[in-house]
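*Asks:*
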Amino acid sequence: MRSLLRLRTYAYPIRWYLAGAVLAALLASGAVLVTPLVLGRIVDGPIAHRDTGALWPLIGLLLTLGLAEAGLFGLRRILVARPLSRVEAAMRGDLYAKLQRLPVAFHDRWASGQLLSRATSDMYTLRLFLAFGFIFLIVNSLTFAVGSAVMLVLDWRLGLIVLAPTVPLMLFCTRFEGKYSLAARTAQDQNGDLATVLEESVLGIRILKSFGRHRTMARQFAQRADRLRDTELRKTRLLADLWAVIVLLPELALGSSLAVGAVLVAHDELSTGTLVAFLSTALALRWPVESMGWLLAYSNEAGTATDRLFEVLDAPEPASTHGTAGPATGDGIRFSDVRFRYPDAPDGSPDLLRGVDLHIRRGETMALVGATGSGKTTLTALLPRLYEATAGTITVDGRDVAGLEPAELRSLVAVAFEDPTLFSATVRENVLMGAPDATDAALEKALAVAQADFVADLPDGVDTEVGEQGLSLSGGQRQRLALARAVVGNPPFLVLDDPLSALDVRTEALVEAALREVLADSTALVVAHRPSTVLLADRVAVLADGRILDVGTHPELLARCPEYRALMSGALEGSVA
Amino acid sequence: MAVLEAPALTGDEEIPVPPGAPARLLRSLLGPQRRRVVLAAVLILVQQAALQSGPLLVAYAIDQGIPALRRHDSGPLVAIIAGYLGCALLSTVLQRAFIRLTGLINQDILLELRTRIFRHAQALGLDFHERYTSGRIISRATSDVDALRELLNEGLQELLSVAISVCYIGVLLLVMDWRLGLLALASVVPMWLLVRMFRRRSARVYRTGRTAVASVIVRFTETMNGIRPVQAFRREEANLAAFTESNQAYTRSNAGGLLEMARYVGSSRATANLWITAVVLVGAYLVTDRSLEIGVLTGFVLYLRRLYDPIDQLAMFLNSYQAAVAALEKISGLLAHEPSVAPPATPRQLPPGTGKGRAVVFERVSFGYRDGTEVLPVFDLTLASGSTTAVVGATGAGKSTLAKLLARFYDPSGGRITLDGVDLRDLATEELRRGVVMVTQESFLFSGTVAENIAIGRPDATRAEIERAAREIGAHDFITALPDGYDTDVRKRGGRISAGQRQLVAFARALLADPAVLILDEATSSLDIPGEQAVQHAMRTVLAGRTAVIIAHRLSTVEIADRVLVMDHGEIVEDGTPAALIAGTGRFATLHSAWRESLV
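Quick note, the sequences are listed as chains P and Y, same order. If you count by the numbering used here, then the first sequence holds residues 53 to 629, one letter each, in order. If you count by the numbering used here, then the second sequence holds residues 772 to 1371, one letter each, in order.
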């Protein structure tokens, strides 16, 4: 529950609203407490004396109290309605912004369902806690303190009897808290797992359908849902026990004080009136005490939800720059003794890249070839710093990429990914993502280079919504838009990861022809699987065993590099006979 | 012409909710729990009785116990105290049982609802998934279910105790004095009007809230799943702006809901207090007229306050109820959506396999979208069992649609497709998937191990069978080179496994499934040449003994086919053996020579 303290940064800006709500709640409780006294006066005075004249002022008072109570009730909620919603939005916004800043390596480790459940279910829990739990924790504690004082003043012996269970109750609550927190945390995590299975089952629906595996998936989902049910039931059982103790102990104490009180009255050591007042106070305190059950549960869930939120918000963000970039020269792209291993690679496994040295001259296009899984895509991801190199330096035009702000670096280096992702936005927005300031002419040119003439046939042309919330395009169409996105605005450095893999031969030939012009102006690294793509490049680098094995032109390498021949030869034998 | 999928449901557009569907859904969920709900009601009824007897016993102790004690008779007091403690114990035990029971009811309902949504989402056709964003389905099964959970957790207990205490007190008031009783109960009318107004006003707010939260979830999942391009293209700020917009819309609707609630609570509390004042006033005049005892009025007023005490609880209930109704509407809309590709009412069996694949016949088949766009005009096509057919053509020529019809991802608009003479629509899903498997463009990996991902092809396969499939496809070497071999966790969407390797896994999966008809869609695109050759080599063995359709982008794939179909604008324009087509002067011959040139 201590983690709840961390919410103070979010609660601080709305502290006056919260204080106002607490005050309104306290005043309302005050009105509720005073009302019976007024009623008593009405019954004892005007009604007993059948004096309708004296009735009206008291009725007026009763009405005023009633309306004040109602007003305060509404006010308490009105005060926090907007501020609390804003707090929830601020937390969710911060979480989202943080997740966008965190490196790709972080996202590799975290299932997106776990992140999603933090942004939705957990936020809801926190808002609920701030709206009710927090306020009543204060109000009910104060009510309890005042009530206890009143009872002790009325009769200290009876007061001690009634308050005796407080200590064992607190001990019990502490034990409960530990167990409940654990269960609450488990439930929240299982909720995240459930969201993950759900997300995968929807994203992989084509595969599941192809193999008719939706039952297997449904079974898996049901198993997890069942596990969540068990955890929730464990929480319920804990809560039921807590309720039992929280209700029973004070009742037992009350029963004992009733017995002792009756004996005291019988021995004339206590007046009947005091006993009645004492017992009414004790009964009135029943709600604040009983409410501790759900307040504790709320607080614990909010506590673990806070933990889950801050696990992400506290995740270290690597420094945006290491060292200085240095002045720009016309050096092109240079990898010097670059080593890389994934942060979560098992100990003892060799680095994926073990000292890559490669120089791509300014304006040159370098093809990168290597066997499946040799680390080509990983190497290209190091250039825009989607991953940080473990050792070695990478420079663009002589400037160390580690010393450049990511935003600046990424405006210099444009990438077309192997797996072309489009966002829920128009074609124009998707393409211009690479160069937000580019003109319509540049957009047209990029689309032309990528042979994305199909765009003209879309219902709204370049303003057609695509991506998840729009039209779904075929793999080849997506890839061409991703290519257009990379080349728009003539970026000085270009990384193309197998940019033509999903295109048919005719389109590929057309794209290649257009791409040659773009590549003439850029310094480019092109991951290639086929001779046709290799031929886009001035030179070719062969990646094997985590190093650059050889660099040369296509004919040179064919002549001298057996590995290269092996990688490319297939095409020569593979022609249609 | 570009072949487009059917237009997506964008923005606020939602699947229509049939009238009465939310209520039917709720009934069907509560139905099996009927006995437990009744038992819970009984428990809380007795528990309340035990609880309410407390003040009564206190009064007895003072009125009877103390005088007896003064007479040195401790008997009554002991009995009363024993009764008090007994009631406390009973109410505790019942309360505990009640909480556990309602927990069980709630969790069983939620489990049922979650699995129902999941199953249904899985059963819905691809056409649906292509229109309804994944984020929205996720939102239905997560945040909408959460809303119902809230109702169940808060609601059931509150509703029962409110109903019980209102009934208890109402009867008591009428018995004490019928005139005042009727006056007091008349407050039900304005209270009900307030509830109705609150419901109407908040229903709107909550409905927009459900749509808003779905939009938050859609944006969130899209960003997290595409984090690489997001960062590479510095999309963060634009994304944050869009997310903030959705987030604020959700916030506004949340605040709107809370404000409606505040108004309702304030005004209903004001009504209650007004009514108490009125009853006191009228009561006072009745006492003055000597038609009412003072004691009765006192008791009356005390109970009257209790009558209105549950207003807050009722408000909480209404609040969760409104949110849950809005959520149930969305969920029931999803559940009421019939899968476009429905399983057959009376499934037919395929004739026993010959080990040579199965014959596929397209009879007068045509396909178009519901909006009337024609994609494939009427055509006939027979694929002999055991044959390998390559389909080539420009992007958007209709190749994928043809394949999806054969895989029964869609049903044809006209005509029928038969497998060994049996209409695809007459096959049970299991039978169909044993018969036809399609390896799709995307090589998505599910979280779990590499072995598990291959085993999607056949969940009951042994490790040896999985390894054999991987070996035959040429994936064994890279898999054993992974940190934990076949037991390597592929992590989130296979972040660590390259696109080419993912395709090999997809192949191994298809091989393991051992279908009679195999459809490969653009499946060799991301492989390097040795990899592609290995796969082609493996394909020769894999394709032996089955009917295969290959959607080919690479003409090198075509060479293993014994028949080529060239498609253009949804029509089959050329059909023949590869050799015959190359020798001719048609499109394929042109394509082929272009390809030959690219191999220089």
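We treat Cβ as the ideally placed atom computed from N, Cα and C, and that holds for glycine.
Quick check: the stretch 1333-1343 of chain Y against the stretch 1156-1171 of chain Y, are at least 3 beta-carbon pairs closer than 8 Å?
*Replies:* Verdict: yes, contact present.
*Asks:* Relative to the alpha-carbon of residue 1219/Y, which residue among 75/P, 415/P, 86/P and 163/P has its alpha-carbon at the smallest distance?
*Replies:* 163/P
*Asks:* Please report the residue range of the alpha helix (DSSP H) in which residue 141/P lies.
*Replies:* 104-153
*Asks:* Are the C-beta atoms of residue 1090/Y and some chain P residue less than 8 Å apart?
*Replies:* Output row for residue 1090/Y: interface = no.
*Asks:* With respect to the alpha helix (DSSP H) encompassing residue 411/P, which residues constitute its N-terminal and C-terminal limits?
*Replies:* Where residue 411/P is concerned, there is no enclosing alpha helix (DSSP H), although the beta strand (DSSP E) it sits in stretches over 405-412.
*Asks:* Listing by chain order, which chain Y residues have their CB less than 7 Å from the CB of residue 485/P?
*Replies:* 1004 and 1006
*Asks:* Do the stretch 175-190 of chain P and the stretch 271-284 of chain P make contact, defined as three or more Cβ pairs closer than 8 Å?
*Replies:* no
*Asks:* So, for residue 1245/Y: in the same chain, excluding its five sequence neighbours on each side, which residues have a beta-carbon less than 8 Å away from its beta-carbon?
*Replies:* 1275, 1302, 1305, 1306, 1308 and 1309
*Asks:* Please report whether the beta-carbon of residue 69/P lies at a distance below 8 Å from any beta-carbon of chain Y.
*Replies:* Judged by the 8 Å Cβ criterion, residue 69/P is not in contact with chain Y.
*Asks:* Nearest to residue 1351/Y by alpha carbon, out of 1030/Y, 1334/Y and 1320/Y?
*Replies:* Residue 1334/Y is the option with its Cα nearest to residue 1351/Y.
*Asks:* Could you check the C-alpha separation between residue 974/Y and residue 69/P for me, to the nearest Å?
*Replies:* Rounded to the nearest whole angstrom, the C-alpha separation of residue 974/Y and residue 69/P is 27 Å.
*Asks:* Mark residue 1032/Y as exposed unless 16 or more other C-beta atoms lie within 10 angstroms of its C-beta, in which case mark it buried.
*Replies:* buried
*Asks:* Enumerated in chain order, which unbroken segments of the alpha helix (DSSP H) with a length of 4 residues or greater are wholly contained in the stretch 347-415 of chain P?
*Replies:* With a minimum length of 4 residues, no continuous alpha helix (DSSP H) run stays inside the stretch 347-415 of chain P.
*Asks:* Sort 576/P, 621/P, 485/P and 490/P by Cα distance to residue 1005/Y and report the nearest one.
*Replies:* Out of 576/P, 621/P, 485/P and 490/P, 485/P has the C-alpha closest to the C-alpha of residue 1005/Y.
*Asks:* What whole-angstrom Cβ distance do residue 552/P and residue 563/P have, given they're in contact under 8 Å?
*Replies:* 6 Å
*Asks:* Looking only at its chain, what residues have a beta carbon closer than 8 Å to the beta carbon of residue 1263/Y, apart from the 5 residues adjacent to it on each side?
*Replies:* With a pLDDT of 47 at residue 1263/Y, under the threshold of 50, the modelled position of this residue cannot be trusted, and the question is left open.
*Asks:* Do residue 500/P and residue 576/P have their beta-carbon atoms positioned less than 8 Å apart in this structure?
*Replies:* no
*Asks:* Find out if the Cβ-Cβ distance for the pair residue 377/P, residue 451/P is shorter than 8 Å.
*Replies:* yes
*Asks:* What is the rounded straight-line gap between the Cα of residue 1332/Y and the Cα of residue 1279/Y?
*Replies:* So the two alpha carbons sit approximately 20 Å from each other.
*Asks:* Check whether the Cβ of residue 436/P lies closer than 8 Å to any Cβ atom in chain Y.
*Replies:* At least one chain Y Cβ lies under 8 Å of residue 436/P.
*Asks:* According to DSSP, simplified to helix, strand and coil, what is residue 1135/Y?
*Replies:* strand
*Asks:* Using a Cβ distance threshold of 8 Å, determine whether the stretch 323-341 of chain P contacts the stretch 205-213 of chain P, with at least three qualifying pairs required.
*Replies:* yes
*Asks:* Identify every residue that forms a DSSP beta bridge with residue 66/P.
*Replies:* None; residue 66/P has no bridge partner.
*Asks:* Is there a C-beta anywhere in chain Y that falls below 8 Å from the one on residue 398/P?
*Replies:* yes
*Asks:* Grab the span of the beta strand (DSSP E) containing residue 1130/Y for me, first residue to last.
*Replies:* Element bounds for residue 1130/Y: n/a, residue is neither H nor E.
*Asks:* Hey, residue 1252/Y and residue 134/P: beta-carbon distance below 8 Å or not?
*Replies:* no
*Asks:* Give every residue of the same chain whose Cβ lies closer than 8 Å to the Cβ of residue 1311/Y, excluding the five residues on either side of it in the sequence, and list them in chain order.
*Replies:* 1331
*Asks:* Can you grab the Cα-Cα spacing for the pair residue 86/P / residue 1059/Y, in whole Å?
*Replies:* 25 Å
*Asks:* Can you check which of these residues, 976/Y, 817/Y and 1344/Y, is closest to residue 1169/Y by C-alpha distance?
*Replies:* 1344/Y
*Asks:* Helix, strand or coil for residue 577/P per DSSP?
*Replies:* strand
*Asks:* Alpha carbon to alpha carbon, how far is residue 120/P from residue 72/P? Give it in angstroms, no decimals.
*Replies:* The straight-line gap separating the alpha-carbon atoms of residue 72/P and residue 120/P is approximately 15 Å.
*Asks:* From the beta carbon of residue 931/Y, is the nearest beta carbon of chain P less than 8 Å away?
*Replies:* It does not; no Cβ of chain P falls within 8 Å.
*Asks:* Can you name the residues of chain P whose CB is closer than 8 Å to the CB of residue 995/Y?
*Replies:* 151, 159, 164, 167 and 168
*Asks:* For residue 1323/Y, which residues of its own chain have a beta-carbon under 6 Å away from its beta-carbon, when the five flanking residues on both sides are left out?
*Replies:* 1161, 1163 and 1329
*Asks:* Are residue 993/Y and residue 906/Y closer than 8 Å when you measure CB to CB?
*Replies:* yes
*Asks:* Report all residues from its chain with a CB closer than 6 Å to the CB of residue 1232/Y; omit the five preceding and five following residues, and keep chain order.
*Replies:* 1226 and 1283
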